[in-house]
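See below for the structure under consideration.
Numbering (this note's numbering), first residue to last: 92 to 288.
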């Protein structure tokens with residue numbers, strides 16, 4: 092479980108393919124400082140399991156399902172990545188409950204720079220809009236954000252200076268892909284209400 096508060100802007104180093112999956116190497120001195128094999132680290136919002144931690148970086152196995160459901164396959168060596176270690180019982184919940192299980196990939200459709208923040212519109216995959224509500228939470232590349240507005244095909248968020256400076260979202264432009272995770276509570280509510288109907 093994560094909070095959607097990015098701890099470190101890391102660097103994607105390489106992906107070594109092994110059949111349909113691969114082993115990814117990522118630099119992130121902060122999140123690697125206490126990482127051990129088996130620990131979970133969110134990489135652009137995708138929960139991955141540490142295989143090797145070597146001081147300033149770590150490696151993870153990435154299976155086909157992860158490539159099919161996320162934008163991790165589009166990363167290139169040198170690309171920045173948002174990193175967050177799994178939450179503990181002592182962690183402040185500054186964002187919202189994030190699983191690191193990507194629901195789909197969105198595309199940045201528009202970006203309007205403001206005096207202090209940017210307004211960004213992101214296209215939603217089909218069927219996902221029912222889980223996105225105005226003033227609700229959504230995770231974009233591992234960043235917990237508040238939805239400003241939503242339609243059947245897209246939603247908008249505003250990025251504050253801290254988000255622009257400390258996450259990949261400050262560097263993404265129109266046409267770029269982003270990992271999306273909707274608030275899991277909405278999915279559980281839908282399932283429970285559906286069972287009773």
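Glycine included, each C-beta is placed from N, C-alpha and C at the ideal position.
Just so it is clear, the structure is predicted and the values come from calculations on it, not from any experiment.
Contacts around residue i, its chain only, beta-carbon distance under 8 Å, and the 5 residues preceding and following it disregarded
{"i": "residue 282", "result": "none"}
{"i": "residue 200", "result": "212, 213, 214, 245 and 265"}
{"i": "residue 231", "result": "136, 197, 213, 248, 260, 269, 270 and 271"}
Own chain, CB closer than 7 Å to residue i, minus 5 neighbours either side, in chain order
{"i": "residue 288", "result": "Legend: pLDDT at residue 288 = 45, less than 50; position of this residue unreliable, value from coordinates given subsequently. Same-chain partners within the cutoff: there are none."}
{"i": "residue 279", "result": "none"}
Unbroken beta strand (DSSP E) run spanning residue i, endpoints
{"i": "residue 212", "result": "209-214"}
{"i": "residue 248", "result": "245-250"}
{"i": "residue 163", "result": "It is not in any beta strand (DSSP E) - residue 163 carries neither H nor E in the DSSP assignment."}
Opening and closing residue of the alpha helix (DSSP H) in which residue i lies
{"i": "residue 158", "result": "155-160"}
{"i": "residue 128", "result": "That residue, residue 128, is in no alpha helix (DSSP H); it is neither H nor E in DSSP."}
Same chain only: Cβ atoms within 6 Å of residue i, ignoring 5 sequence neighbours per side
{"i": "residue 106", "result": "113 and 115"}
{"i": "residue 251", "result": "208"}
{"i": "residue 184", "result": "94"}
Contact check, residue i vs residue j, beta carbons under 7 Å
{"i": "residue 94", "j": "residue 177", "result": "no"}
{"i": "residue 100", "j": "residue 171", "result": "yes"}
{"i": "residue 147", "j": "residue 165", "result": "no"}
{"i": "residue 142", "j": "residue 126", "result": "no"}
Per DSSP, the bridge partner or partners of residue i
{"i": "residue 230", "result": "235 and 272"}
{"i": "residue 151", "result": "115 and 141"}
query: Looking at C-beta atoms only, is the number of pairs between the segment 206-213 and the segment 126-139 that lie closer than 8 Å three or more?
result: no
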